[in-house]
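Presented below is the structure to which this report refers.
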Amino acid sequence: MDFTNPLVYGVPCFLGFIALELSYSKVFDDKSLYKWKDFFSSLSLGIGSAILGALIKTVSIILVFNFAYDIFNPVVDGVRTNIMGYESFGYAWYVWIICMLLDDFTYYWFHRQNHMVRFLWAAHIVHHSSDNFNLGTAVRNGWFTILYKPFFYVWIVIIGFPPEMLVVCLGIEALWQFQLHTKYIKNLGFIEKLINTHTMHQVHHACNIEYMDKNHGGILNAFDRIFGTWKELDDDIDIQYGVSTPPNSYNLYVILMHEYQNIWQDMKKSKSWNHKFMYAFGPPGWSHDGSTLTVKQIRKEMAKEKLEEELKEEKKEKKLQVA
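Taking the UniProt record's numbering, the leading residue of the sequence shown gets 1, the next gets one more, and so forth.
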């Protein structure tokens, strides 16, 4: 059965909503919401991603999803059967819901690993490299995530879900992710308890240490809550968007490649192959000599400093009481 990827209809909507938000911000609200050079860089990256996606995704679906589906779900006596012995899944409405849930679960881990593994972060950092947060940022996609993304999702077709069903679910996920990149939609009340919303995605794009590596979810926020990466937007924190190692350039090549270059420079700091491996595949910020720290290490240091300050205050209070 053939289905059309929802992104076919989504792309024209993307451009329309971007134009609407840009026009509204410039005429009625925040003229600095869109910076022209930054916006054109984001738009160019989005166009390039769409072109590469049309080419590479088609090939990857044929080579990865369809190949895996045929290998693990061969036709036996005219019936598509999983190698585990059960009949592969069809197109019932509840199968669609299950596939969408599995897609959302996979998106969480795919997205989280893009933040936890530096080599993957080097591709994903493109999306976070703007210090603006708007619908234009939503299309600021790296060009290299396309090369490895299918391998995170292939398990879904291996267990028996049709490849075209998964592709539709991936498209729905992308549509939801796009519209999250706006500050004009505020807290949604009860919905915030279930769904990944615009305020939560603002947290995800912030480079404040309190917010970094939080809210990796796609449509649901349940996985962030379950696995300890959920964070609510705090109105008392002056939110800053972007990354700790920005490209500081509007040049597409620099934006796409700067973190790979940083990895290469860091790998040359030590002759140890273990250190070289960690610079490439450890968490961003890892260093063999402590010259740079990971987000976890920074938070640990901050907690330690806070505890020391609290202990000092307690000692002062005791001295005053004795006096």
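Note that CB positions come from ideal geometry on N, CA and C, so glycine has one too.
Other residues of its chain near residue i: CB distance less than 7 angstroms, five sequence neighbours each side excluded
| i | result |
| --- | --- |
| Leu102 | Ile156 |
| Gly53 | Ile146 |
| Leu188 | Thr197 |
| Phe105 | Phe223 |
| His258 | Pro247 |
| Tyr107 | Glu173 and Gly218 |
| Phe14 | Val139 and Phe178 |
| Val243 | Ile125, His128, Ser129 and Cys207 |
| His205 | His128, Phe133 and Tyr241 |
Spatial neighbours of residue i in its chain, beta-carbon cut-off 6 angstroms, leaving aside the 5 residues before and after
| i | result |
| --- | --- |
| Ala123 | Gly142, Phe144 and Thr145 |
| Leu158 | Before going on, a small fix: residue 158 reads as Ile here, not Leu. The residues are Ala68 and Phe72. |
| His275 | His288 |
| Met278 | Trp286 |
| Trp176 | Ile219 |
| Pro284 | Arg118 and Trp121 |
Proximal residues to residue i (C-beta, below 8 angstroms), its chain only, five neighbours per side dropped
| i | result |
| --- | --- |
| Asn114 | Leu120, Trp121, Ala123, His124 and Thr145 |
| Ile209 | Val295, Ile298, Arg299 and Met302 |
| Gly48 | Trp143 and Leu252 |
| Gly290 | none |
Euclidean distance between Cα positions of residue i and residue j
| i | j | result |
| --- | --- | --- |
| Leu7 | Phe40 | 21 angstroms |
| Ser249 | Trp36 | 13 angstroms |
| Lys78 | Gly228 | The amino acid at residue 78 is misidentified as Lys; the sequence shows Gly. Roughly 46 angstroms between the two C-alpha positions. |
| Gln261 | Ser60 | 27 angstroms |
| Phe28 | Lys306 | 43 angstroms |
| Lys214 | Tyr24 | 29 angstroms |
| Glu87 | Val75 | 10 angstroms |
| His128 | Ile98 | 30 angstroms |
| Leu166 | Phe65 | 9 angstroms |
| Ser32 | Lys26 | 8 angstroms |
| Phe151 | Lys316 | 57 angstroms |
| Val203 | His181 | 11 angstroms |
| Ala174 | Ala92 | 23 angstroms |
| Gly16 | His111 | 27 angstroms |
| Thr81 | Gly10 | 34 angstroms |
| Phe89 | Met100 | 13 angstroms |
| Glu310 | Ile237 | 21 angstroms |
| Glu21 | Pro162 | 37 angstroms |
| Leu135 | Leu43 | 10 angstroms |
| Trp96 | Arg118 | 34 angstroms |
| Ile83 | Asp70 | 10 angstroms |
| Ile255 | Arg225 | 32 angstroms |
| Gly282 | Met212 | 16 angstroms |
| Leu233 | Glu313 | 29 angstroms |
| Val154 | Gly171 | 15 angstroms |
| Thr245 | Trp264 | 14 angstroms |
| Val168 | Trp230 | 27 angstroms |
For residue i, three-class secondary structure by DSSP
| i | result |
| --- | --- |
| Ile195 | strand |
| Tyr108 | helix |
| Val254 | helix |
| Ala303 | helix |
| Tyr34 | coil |
| Val243 | coil |
| Ala206 | strand |
| Tyr94 | helix |
| Asp103 | helix |
| Phe14 | helix |
| Ser249 | coil |
| Ile185 | coil |
| Phe227 | coil |
| Asn262 | helix |
| Met267 | helix |
| Met212 | coil |
| Ser44 | helix |
Range covered by the alpha helix (DSSP H) that runs through residue i
| i | result |
| --- | --- |
| Lys149 | Thr145 to Ile158 |
| Ile125 | Arg118 to His128 |
| Thr137 | Leu135 to Ala138 |
| Phe281 | Trp273 to Phe281 |
| Ile172 | Pro163 to Gln179 |
| Phe67 | Phe67 to Phe72 |
Those residues which DSSP pairs with residue i across a bridge
| i | result |
| --- | --- |
| Leu220 | Ile195 |
| Glu87 | Thr81 |
| Tyr24 | None, per the DSSP bridge assignment. |
| Val76 | Val79 |
Short CB-CB distance (under 7 angstroms) between residue i and chain B
| i | result |
| --- | --- |
| Ser287 | Of the chains in the structure shown, none is chain B; there is only one protein chain. |
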